[in-house]
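In our numbering, the protein residues as written are 8 to 179. Contents: one structure, followed by commentary.
Have a look at this one:
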């Protein structure tokens, strides 16, 4: 069954956004809708209803990462889909490792410049559009995955200091 959207509690945190990106990559196409709920409680019947409607639940009810014994929402997604880590690429595996560590000991929240921390803080500003933040963070996750996969293949980075100075001359 093709997933046309996701359903997840708000605010959508970096781990949940990463799970949504991995879902798009596994499916081979982007999902087109997102339903944000004000709670994470969800009965098995409601989860089945969402799935029947083409919405994949992330961090809801019995398929939350804690409920199924995963380290992160991204890993929970992979387990729920019946995939093995061997089915994933290097970037996806690294993403799962990073969010498992973050959920375990707060890694990535300790730095003021941590992207997950910055995203969480941006939700507090009313002038920021929630859907815009989610789309922008999805882009960050996609770039991270591409970079990690490139490194795993032994390829050079897509951007070097020289190419970045051509694209961002104001920063020189």
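Ideal placement from N, C-alpha and C gives every residue a C-beta, glycine not left out.
Excluding the 5 residues flanking residue i on each side, which residues of the same chain have their C-beta closer than 6 Å to its C-beta?
i: residue 14; result: 42, 57, 62 and 64
i: residue 68; result: 49 and 54
How is residue i classed by DSSP in three states: helix, strand or coil?
i: residue 65; result: coil
i: residue 161; result: coil
i: residue 78; result: coil
i: residue 178; result: Confidence at residue 178 is low in this model, with a pLDDT of 49, below 50, so its placement is unreliable and no value can be given for it.
i: residue 84; result: helix
i: residue 105; result: helix
i: residue 129; result: helix
i: residue 10; result: coil
i: residue 43; result: strand
i: residue 16; result: strand
i: residue 154; result: helix
i: residue 35; result: coil
i: residue 91; result: coil
i: residue 134; result: coil
i: residue 48; result: coil
i: residue 96; result: coil
i: residue 25; result: helix
To which residues of the same chain is residue i closer than 7 Å at the C-beta, ignoring the five residues directly before and after it?
i: residue 107; result: 78, 79 and 82
i: residue 100; result: 92
i: residue 25; result: 81, 102, 106 and 148
i: residue 71; result: 47 and 83
Name the DSSP bridge partner or partners of residue i?
i: residue 54; result: Partner(s): none; residue 54 has no beta bridge.
Please report the Cβ distance between residue i and residue j, rounded to the nearest whole angstrom; I am assuming they are in contact, meaning their Cβ atoms lie under 8 Å.
i: residue 125; j: residue 88; result: Incorrect: roughly 29 Å between the Cβ atoms, too far for contact.
If you drop the 5 nearest sequence neighbours on each side, which residues of the same chain put their C-beta closer than 8 Å to that of residue i?
i: residue 86; result: 75 and 77
i: residue 51; result: 68 and 69
i: residue 98; result: 151, 152, 153, 154, 155, 156 and 159
i: residue 9; result: 34, 36 and 61
i: residue 12; result: 38, 39, 40, 41, 42, 61, 62 and 63
*Determine, using beta-carbon pairs with one atom in the stretch 32-47 and one in the stretch 154-166, whether at least three such pairs fall under 8 Å.*
Flag = no, the stretch 32-47 and the stretch 154-166 do not touch.
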